[in-house]
Amino acid sequence: MIPSILPTYNRAPLSFVKGEGSWLIEADGSRYLDLGAGIAVNALGHANPDLVAALTEQAGKLWHVSNLYQIPEQQRLADLLVENTFADTAFFTNSGTEAAELAIKMARKYWYEKGAPREEILAFEGAFHGRSTGAIAAAGSEKMVKGYGPLMPGFRQLPWGDMDALKAAISDKTCAVMVEPIQGEGGIRPMADADLKFLRALCDQTGALLIFDEVQCGVARTGRLFAHEWAGVTPDIMMVAKGIGGGFPLGAVLATENAASGMIAGTHGSTYGGNPLACAVGAKVMEIVTDPAFLAEVNRKAGLLRQKLEGLVSAHPDIFEGVRGQGLMLGLKCKAAPADIVKAGYAQHILTVPAADNALRLLPPLTITDEEIAEAVSRLDAAATALETAPSSV
Ligand SMILES: *Cc1c(COP(=O)(O)O)cnc(C)c1O
Numbered sequence: 092m093i094p095s096i097l098p099t100y101n102r103a104p105l106s107f108v109k110g111e112g113s114w115l116i117e118a119d120g121s122r123y124l125d126l127g128a129g130i131a132v133n134a135l136g137h138a139n140p141d142l143v144a145a146l147t148e149q150a151g152k153l154w155h156v157s158n159l160y161q162i163p164e165q166q167r168l169a170d171l172l173v174e175n176t177f178a179d180t181a182f183f184t185n186s187g188t189e190a191a192e193l194a195i196k197m198a199r200k201y202w203y204e205k206g207a208p209r210e211e212i213l214a215f216e217g218a219f220h221g222r223s224t225g226a227i228a229a230a231g232s233e234k235m236v237k238g239y240g241p242l243m244p245g246f247r248q249l250p251w252g253d254m255d256a257l258k259a260a261i262s263d264k265t266c267a268v269m270v271e272p273i274q275g276e277g278g279i280r281p282m283a284d285a286d287l288k289f290l291r292a293l294c295d296q297t298g299a300l301l302i303f304d305e306v307q308c309g310v311a312r313t314g315r316l317f318a319h320e321w322a323g324v325t326p327d328i329m330m331v332a333k334g335i336g337g338g339f340p341l342g343a344v345l346a347t348e349n350a351a352s353g354m355i356a357g358t359h360g361s362t363y364g365g366n367p368l369a370c371a372v373g374a375k376v377m378e379i380v381t382d383p384a385f386l387a388e389v390n391r392k393a394g395l396l397r398q399k400l401e402g403l404v405s406a407h408p409d410i411f412e413g414v415r416g417q418g419l420m421l422g423l424k425c426k427a428a429p430a431d432i433v434k435a436g437y438a439q440h441i442l443t444v445p446a447a448d449n450a451l452r453l454l455p456p457l458t459i460t461d462e463e464i465a466e467a468v469s470r471l472d473a474a475a476t477a478l479e480t481a482p483s484s485v
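For the sequence shown, the positions run 92 to 485 when my numbering is used.
Rendered as structure tokens:
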């Protein structure tokens, strides 16, 4: 019989009833150190007091009015995003997938309104942009698209990191290029700064709009407010979600005035998008993560974690191959199956997230402490040792 929850997930037999900072707690009181943070969502930890206060204060005033009216909290969040990024304007969604949908629509509409429609959007193998029919067509992986055809046309996937292929594919007919500056689901695979610069230059030459998907790598995750800042290039359109709501469902599309020029009244909408509850929390997240002292701490702690992980890799050469990523978006390239390491981690009460390309993702709350970093690496060490000594029992 089909379970009452549609069985699209293989869930771990863990059930949490409470969260505190970097920890998740089961009903019997067992505590797990959370290096997944709800897949890079709980950027400020679980039950962060500032976010709890922002949410409960708003909850006592007003939950929802729809976008038929002015929403002061939404205005405040939009202003914070515009002040702190390349963007001139923002639209709010409830998820990364919806941000992908708007990014695609905005790019196509831009060219339509110019009177010179362009359809093709270039994307990359290993990408993840969400689960809508448009987003799966953009990423194009067999696993995501199988059985869901006909797919939305107009997407082509290029080999990751192959700048020659990109140069050959892009032309003055290209509508846009969509890319994660650091692939998340794809296995914490950063695009080199030089390649991001080259990509920007190719877009400038051909007019193609550059769309960055920073749903996973954005919102201070890499130690800059957005990951593309490390490369010194800016997109025309950017998708944001995950960390921006700190656990409250919230996403956004940010854009330059030029890229957004086709999106006039009536061309797009959302009932819930940017509602007062979500935006009150999002504005508080932005206030916290844009503080230079906060970002400096993320970078310092990232250095500490990375150094300890390099030691872990050296200590377990049969399990791990290397560390990659930026800031607190780190991946352990594995020799063992990442799913087995995740499972061995459960026994040590540490939570990690598997990814493609044989990688294990470490996406801790950005508020993780030095002590918790040391504890996390020692638990990962114990998990690796357990795998080495009794691989069949895991
Ligand atoms: C998670 C993710 C999405 C989809 O976001 P949802 O909120 O799950 O719809 C899109 N792009 C990237 C890079 C992601 O990591």
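Glycine residues also receive a C-beta, built at the ideal position from the N, C-alpha and C atoms.
These numbers come from a predicted model, not from an experiment.
Can you grab the Cα-Cα spacing for the pair residue i / residue j, in whole Å?
i    : j    : result
V485 : A428 : Below a pLDDT of 50, predicted positions are generally treated as unreliable, and V485, at 46, falls in that range; the measurement from the model is reported next regardless. The straight-line gap from Cα to Cα measures roughly 11 Å.
P272 : D286 : 10 Å
R391 : P208 : 47 Å
I410 : R315 : 31 Å
I227 : G364 : 21 Å
V444 : E204 : 42 Å
T362 : E192 : 15 Å
Y239 : A229 : 13 Å
A486 : A103 : Not covered by the structure: residue 486. The range shown for the chain is 92 to 485.
F385 : I379 : 7 Å
E463 : K234 : 35 Å
D141 : R247 : 43 Å
L126 : L159 : 40 Å
A369 : G338 : 10 Å
A283 : M269 : 15 Å
K288 : K152 : 46 Å
L135 : P408 : 33 Å
D461 : L146 : 28 Å
With 16 as the cutoff for other CB atoms within 10 Å, does residue i come out buried or exposed?
i    : result
K424 : buried
G394 : exposed
N366 : buried
M92  : exposed
W154 : exposed
V108 : exposed
T99  : exposed
N101 : exposed
Y201 : buried
G120 : exposed
D255 : exposed
S487 : Look at the range of the chain in this structure, 92 to 485, and you will see that residue 487 is not part of it.
I96  : exposed
Q166 : exposed
G413 : exposed
P281 : buried
So residue i is in the alpha helix (DSSP H); what residue range does that whole segment cover?
i    : result
Q165 : 163-175
F289 : 284-297
M377 : 367-380
A234 : Going by the sequence as given, residue 234 is Lys instead of Ala. It spans 233-236 - the alpha helix (DSSP H) in which K234 sits, taken as one unbroken run.
R397 : 383-406
K152 : Segment: none, K152 is in no alpha helix (DSSP H) and carries neither H nor E.
R470 : 461-480
M329 : Premise fails: M329 lies in the beta strand (DSSP E), 328-331, not in any alpha helix (DSSP H).
Y255 : The residue asked about is misnamed: residue 255 is Asp in this sequence, not Tyr. Run containing D255: 254-260, per the alpha helix (DSSP H) assignment.
G129 : 128-131
A228 : 224-230
Would you mind reading off the limits of the beta strand (DSSP E) that contains residue i?
i    : result
K426 : Careful: K426 lies outside any beta strand (DSSP E) and carries neither H nor E.
M197 : Where M197 is concerned, there is no enclosing beta strand (DSSP E), although the alpha helix (DSSP H) it sits in stretches over 187-204.
L249 : 246-249
T180 : 180-184
M269 : 267-270
G413 : 411-417
I302 : 300-304
A214 : 212-215
A450 : 450-453
A33  : For residue 33 there is no data in the structure shown, the boundaries of the chain being 92 and 485.
G110 : 107-111
E117 : 114-117
Y363 : No beta strand (DSSP E) holds Y363; DSSP gives it neither H nor E.
D62  : Since the first residue shown for the chain is 92 and the last is 485, residue 62 is missing from the structure and cannot be characterised.
A318 : Here A318 belongs to no beta strand (DSSP E), and DSSP marks it neither H nor E.
A446 : 444-446
- Count the CB pairs spanning the segment 175-192 and the segment 318-332 that are closer than 8 Å, and state whether there are at least three. With the rule of 3 Cβ pairs closer than 8 Å, the segment 175-192 counts as touching the segment 318-332.
- Message: Does the segment 301-314 come into contact with the segment 463-482, if we say contact requires no fewer than three beta-carbon pairs (one atom in each stretch) closer than 8 Å?
- Response: Output reads no: the segment 463-482 does not touch the segment 301-314.
- For the 8 Å Cβ check, are there 3 or more pairs between the segment 212-231 and the segment 181-188? With a cut-off of 8 Å, the segment 181-188 and the segment 212-231 count as touching, because enough Cβ pairs lie within range.
- Message: Any contact between the segment 330-344 and the segment 125-133? By contact I mean 3 or more CB pairs, one from each, below 8 Å.
- Response: Contact holds: three or more Cβ-Cβ distances are below 8 Å.
- Item | Cβ pair count under 8 Å reaching 3, the segment 450-457 against the segment 414-421 | With a cut-off of 8 Å, the segment 414-421 and the segment 450-457 count as touching, because enough Cβ pairs lie within range.
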